[in-house]
């Protein structure tokens, strides 16, 4: 198969909907083609990002307003839309559908933000109108007249049904619900369903890949760095390499580095990165592909160090702000120079702490497995 054909089938390969013959051919091609392997890795990371995002429900009036605008379009525009719709359908096929989904999510988020901003401005105008009426009534001795409500429901900028819960959208946490209001909140969630036709209904699917089932494994704040070293003997190296590639893709991982010796016997070394929630499953399945001649696994809990580093960084940020404020009150050039030197030192420490936090976060999010194979 040519590279162009492989790239068209990458999305189906990741979704695991191809036949075994096609999967084997793609895995064998990716193992030898660095360009296609890189494109598959990029596509896999896009898939992981999309799966980490939640559904975004549009405002309650969105569907109604959209219908009104569509009804106002002249028939000539609607008739000519078939051409670009067909082009869009072709563009959405293949590996581009994930990129298109990302664009749609971002566009919907921007639309909701603009909608909420316009509603906030209307609410502010209504508040000003009420204040003006109150001032006039104070002068005339009459009670202020409440503004007349327009026909149909209004959505204010603070309406909980029109707001978007960012913790739900981006998977940053869960809502805190007190025991007394748990049942009420559950009923409210059931009532706030998306309008029919805007969001697809979820239907039972096949078992999710491990990198989706365990994507939130460290949401509790626990930071564990997992590492492993594995040596394996296999009877058929080419067959093993194809199965290995399929396992790595299904677990949401990627090969960071590899080297192969095509002599007799064949040998290879792989450095594999995989989401921490899929590390145990991936290593266990790799062990089942051959005879294990050596293994070494380690778990390093860096939660305490991560929290301590965060605390030190917060203290330095406060110290930096205090020094910046002191510069504004300095009475001489010498005082300014001394304070600037202190700020430079503090910022250097802050940069070092941020680098450490980034390392601990990345290392605990993706585990490292070094694999040595002989066949």
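Numbering (the numbering used here), first residue to last: 1117 to 1491.
For glycine and all other residues, C-beta sits at the position ideal for the given N, C-alpha and C.
Since the model is a prediction, treat every value here as computed from it, not as a measurement.
Ranking 1338, 1431, 1369 by CA distance to the CA of residue 1159 puts 1369 first.
With a cutoff of 8 Å on beta-carbon distance, residue 1349 and residue 1490 are scored as near each other.
In chain order, 1398, 1401, 1402 place their CB closer than 7 Å to the CB of residue 1363, counting only its own chain and leaving out the 5 sequence neighbours on each side. Runs of the beta strand (DSSP E) lying entirely within the segment 1399-1464, each at least 3 residues long, are 1407-1417 in chain order.
Annotation for residue 1378: no alpha helix (DSSP H) segment contains it, and DSSP assigns it neither H nor E. Comparing alpha-carbon positions, the option among 1366, 1445, 1464, 1488 lying closest to residue 1411 turns out to be 1488. With a threshold of 16 other beta carbon atoms within 10 Å, residue 1391 meets it and is buried. Counting only residues of its own chain and dropping the five nearest sequence neighbours on each side, residue 1473 has a CB closer than 6 Å to the CB of 1425.
Here residue 1149 has 1119 as same chain residues with Cβ atoms under 7 Å from its own Cβ, once five neighbours each way along the sequence are excluded. Setting aside the 5 residues that flank it on each side, residue 1373 is surrounded in the same chain by 1387, each with a C-beta closer than 6 Å to its C-beta; the list follows chain order. Ranked by Cα distance from residue 1337, the options 1422, 1347, 1381 are led by 1422.
At the C-beta level, residue 1360 and residue 1429 stay beyond 8 Å of one another. Contact check for residue 1346 and residue 1453: beta-carbon distance about 57 Å, past the 8 Å limit, so the pair fails to qualify.
Cβ-Cβ separation between residue 1126 and residue 1138: approximately 11 Å, too far for a contact (criterion under 8 Å). In its chain, beyond the 5 residues on either side, 1466 have a beta carbon closer than 8 Å to the beta carbon of residue 1433. Taking residue 1340 as reference, the option from 1154, 1440, 1414 with the minimal CA-CA separation is 1414. Under DSSP, residue 1345 shares a beta bridge with 1412, 1486. In chain order, 1341 place their CB closer than 6 Å to the CB of residue 1479, counting only its own chain and leaving out the 5 sequence neighbours on each side.
Distance between residue 1456 and residue 1448, taken at the CA atoms: about 13 Å. The continuous alpha helix (DSSP H) containing residue 1365 extends over residues 1353-1366. Pairing residue 1155 with residue 1123 gives a Cβ-Cβ distance under 8 Å. Going by beta carbons, residue 1418 and residue 1469 fall outside the 8 Å limit. By the 16-neighbour rule on beta-carbons within 10 angstroms, residue 1409 is exposed. Secondary structure at residue 1390: strand, using DSSP grouped into helix, strand and coil.
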